[in-house]
Amino acid sequence: MTSVARTMKALWSAWWQRWPRWVAWATMLWAVTYASFGLACALSGTRWSAGAVEDVAAALEVLAGALAQLDPECGDPLRRADRRGRRRRAR
755 MTSVARTMKA LWSAWWQRWP RWVAWATMLW AVTYASFGLA CALSGTRWSA GAVEDVAAAL
815 EVLAGALAQL DPECGDPLRR ADRRGRRRRA R
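Residue numbers 755 to 845, in my numbering, belong to the letters of the sequence shown in order.
This is the structure we're talking about:
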């Protein structure tokens, strides 16, 4: 592994370890973008077509079906990561 690759791997790891610091900003950026598209749609007078609404509903049904089939143990890595994060913050 080259030094550049090691540096990039270290930066990527550090970035993900600091996710509680940046996730709020990312969420706010997404919300502002989503709201601006909604406002532009409302002001321009264009509407969602019935076909687009049906496509979104079908996609959500597929997602709900896939999530319903997941084993509850699939969430174990997330729970373990959450516990580790809580212990670090408590120190």
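Using N, Cα and C, we set each Cβ at its ideal position, and we do this for glycine too.
Cut-off 7 Å between Cβ atoms - residues of its own chain near residue i, not counting five sequence neighbours on either side
i, result
"Ser790", "none"
Endpoints, alpha helix (DSSP H) assigned at residue i
i, result
"Gln771", "Ser757 to Gln771"
Cβ-based neighbour list, residue i, same chain, cut-off 6 Å, excluding 5 preceding and 5 following
i, result
"Ser757", "none"
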